[in-house]
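Data first, discussion second: the structure below is written as structure tokens.
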Amino acid sequence: MNGSALKYATAAMLSLPTLAMAVEMTDYKYPDSQFQEAYLRGSLDSKTGNQDQTSYSYDINGDYESFYSTLPRTWQVNLNGNANGQRGPNTGDSLDDSGSASLRGIVNNYIEDEDKWFWYGSGEAGYQSEAEDRFYKVGAGMGYGRVYNATPLAKSLRMIEELGDSNLIPSSTIADKTYIDIAQVIDKEDEFRSTYGEEEYKPYWFAEIERILVRDGVISNGKLDAKSTLIIDRVLVTEKHSARKHGWLVSAGAGLIIQDFSGNSDNDPSLDVLFEYAMPFGHKAQFDNILSYSTIFGSDTDQTLRNSMGYTYEISDKVDWVNNWYLTYSVPGDSALKETLTNTLVSGFDYYITNVITAGIQITLTHLDDGISGNNNGDVELGTALTLKYRVF
Numbered sequence: 001m002n003g004s005a006l007k008y009a010t011a012a013m014l015s016l017p018t019l020a021m022a023v024e025m026t027d028y029k030y031p032d033s034q035f036q037e038a039y040l041r042g043s044l045d046s047k048t049g050n051q052d053q054t055s056y057s058y059d060i061n062g063d064y065e066s067f068y069s070t071l072p073r074t075w076q077v078n079l080n081g082n083a084n085g086q087r088g089p090n091t092g093d094s095l096d097d098s099g100s101a102s103l104r105g106i107v108n109n110y111i112e113d114e115d116k117w118f119w120y121g122s123g124e125a126g127y128q129s130e131a132e133d134r135f136y137k138v139g140a141g142m143g144y145g146r147v148y149n150a151t152p153l154a155k156s157l158r159m160i161e162e163l164g165d166s167n168l169i170p171s172s173t174i175a176d177k178t179y180i181d182i183a184q185v186i187d188k189e190d191e192f193r194s195t196y197g198e199e200e201y202k203p204y205w206f207a208e209i210e211r212i213l214v215r216d217g218v219i220s221n222g223k224l225d226a227k228s229t230l231i232i233d234r235v236l237v238t239e240k241h242s243a244r245k246h247g248w249l250v251s252a253g254a255g256l257i258i259q260d261f262s263g264n265s266d267n268d269p270s271l272d273v274l275f276e277y278a279m280p281f282g283h284k285a286q287f288d289n290i291l292s293y294s295t296i297f298g299s300d301t302d303q304t305l306r307n308s309m310g311y312t313y314e315i316s317d318k319v320d321w322v323n324n325w326y327l328t329y330s331v332p333g334d335s336a337l338k339e340t341l342t343n344t345l346v347s348g349f350d351y352y353i354t355n356v357i358t359a360g361i362q363i364t365l366t367h368l369d370d371g372i373s374g375n376n377n378g379d380v381e382l383g384t385a386l387t388l389k390y391r392v393f
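Reading the sequence shown from the start, the letters are residues 1 to 393 in the numbering used here.
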């Protein structure tokens, strides 16, 4: 099979769940959009018996992402935190724990309200329990491109699919415009909530969805019945929906490190380059990649290249297959230090016990090449973990 045949075969396989739907996720380019996600994940391992004391290790991670978009600009905030520790089996072994956190915010301001050229401003803060001080950095630069939030269209597709499976709407092809118009209404949930209140907004929100379904002849009796309303409520409110995004952007600019983890406040400048690409496959799969390069110009010129790649596939309403690859390549400015290359592969399954609680299993492969022989760091480390994840919102 040649490369082109393989490409089309793979695309066809990924799109099988949505062959009956002509609309593509990339058709949704509604600039006024927003979403936010917050998760807490934890794992705990312990062992007792045939040892002096119970040994254990724990790992807790927290993630928050907020994305808000209008025609002239987009705002994005990411907050990540980690705490981990372990205690050995021997008498006198104490708990060895550590923690870290990072906060990053960026605003892209589009020139002439288009989805092309923009200038940006950013800020970062970091904490490491073993570091001497906090990390602070600001930056600004130019960029090109835009990444759109297509999660509302994924919800629209899922909602109509569920109504069709329950024989509550015709199984014939529905116009692309219907899917997109409903997605725009779904995207305005916070607007309906702020207008009518937390307890009263749903009837008005669902009524607008009903109006579109009636307008386009999807429902012929002029209104949604009780079963249809319950399904819409379950799909849009109760079920979990991971973010779906599409598009790309590239940016380059200058940064200023106000303070690093060593307490250095020499205000070292940096050059920062970023490339982001996102592509959903139907409403069940999502691919993301973020590549960044940064070099610091100070007494020593440090360079760091990072790549974060992820692929998630929704096997069912309850199970997701989640995959990530993280690469970090560092070149220290101090010639006495070695270059390091770290690769981490993570693959696992998440089972949604409820819409906010998820149990999972994951396998992790980690390889560190630090250029030093004889320290066993060159061996591939295999890790397995059972996780529990809580979706805050």
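Glycine is no exception: its CB is placed at the ideal position from the N, C-alpha and C atoms.
- The DSSP assignment places complete alpha helix (DSSP H) segments of no fewer than 4 residues inside the region 117-173 at 151-165, in order along the chain.
- Boundaries of the alpha helix (DSSP H) harbouring arginine 215: 201-215, taken from the DSSP string.
- Here the region 122-137 does not lie against the region 157-170, with fewer than 3 beta-carbon pairs under 8 Å apart.
- Around leucine 327, the same chain offers Asn307, Asn343 as residues with beta carbons nearer than 6 Å, after the five sequence neighbours per side are excluded.
- Remark: C-beta atoms of serine 69 and aspartate 32 approach each other more closely than 8 Å.
- Out of Thr91, Ala125, Ile209, Ala150, the CA that lies nearest to the CA of histidine 246 is found in Ala150.
- For the pair tyrosine 58 and glycine 99, the Cα-to-Cα distance works out to about 12 Å.
- Secondary structure at aspartate 266: coil, using DSSP grouped into helix, strand and coil.
- Where serine 98 is concerned, the enclosing beta strand (DSSP E) starts and stops at 96-110.
- Of the residues assessed, glutamine 286 falls on the buried side of the cut-off, its CB having 16 or more other CB atoms within 10 angstroms.
- Distance from the CA of alanine 243 to the CA of tyrosine 313, rounded to the nearest whole angstrom, comes to 12 Å.
- With a contact defined as Cβ atoms closer than 8 Å, glycine 85 and glycine 253 miss out at about 38 Å.
- Counting every other CB atom within 10 Å of its CB across the protein chains shown gives threonine 358 a total of 16 or more, marking it as buried.
- When Ser55, Tyr110, Asn324 are compared, the shortest CA-CA separation from lysine 47 is found for Ser55.
- In this structure, DSSP gives arginine 41 an extended state, which the three-state scheme calls strand.
- Just so you know, the alpha carbons of glutamine 128 and phenylalanine 261 end up roughly 8 Å apart.
- Taken through DSSP and simplified to helix, strand or coil, isoleucine 180 comes out as helix.
- Shortest Cα-Cα distance from tryptophan 75 to any of Tyr148, Thr354, Asp268, Asp97 involves Tyr148.
- Here aspartate 350 is buried. Its C-beta has 16 or more other C-beta atoms within 10 Å.
- Judged by beta-carbon spacing, tyrosine 39 lies beyond the 8 Å limit of valine 346, meaning their Cβ atoms are not closer than that value.
- In the three-state reduction of the DSSP assignment, threonine 195 falls in the helix class.
- Cβ contact annotation for glycine 88 (same chain, cutoff 6 Å, sequence separation greater than five): Ser55, in chain order.
- Isoleucine 231 sits in a helix when the DSSP states are folded into three classes.
- Taken through DSSP and simplified to helix, strand or coil, leucine 236 comes out as helix.
- Residues of the same chain with a CB within less than 6 Å of the CB of isoleucine 60, apart from the 5 flanking positions on each side, are Gly42, Ala83 in chain order.
- Scanning Met142, Gly105, Lys116 for the CA closest to the CA of alanine 125 turns up Gly105.
- The shortest CA-to-CA distance from valine 218 to any of Gln259, Tyr179, Tyr329 is the one to Tyr179.
- For the pair threonine 195 and glutamine 184, the Cα-to-Cα distance works out to about 17 Å.
- Taking C-alpha positions only, asparagine 267 is separated from isoleucine 257 by approximately 5 Å.
- Residue nearest to leucine 79 within the set Gln36, Thr91, Trp117 is Gln36 (criterion: CA-CA distance).
- Proline 152 counts as buried, since at least 16 other C-beta atoms from the protein chains shown sit within 10 angstroms of its C-beta.
- By alpha-carbon distance to asparagine 289, the top candidate from Val250, Asp302, Ser220 is Val250.
- Listed in chain order, the non-local C-beta contacts of tryptophan 248 below 6 Å within the same chain comprise Gly145, Tyr277, local neighbours out to five positions each way being set aside.
- In the DSSP assignment, lysine 29 falls outside any beta strand (DSSP E), carrying neither H nor E.
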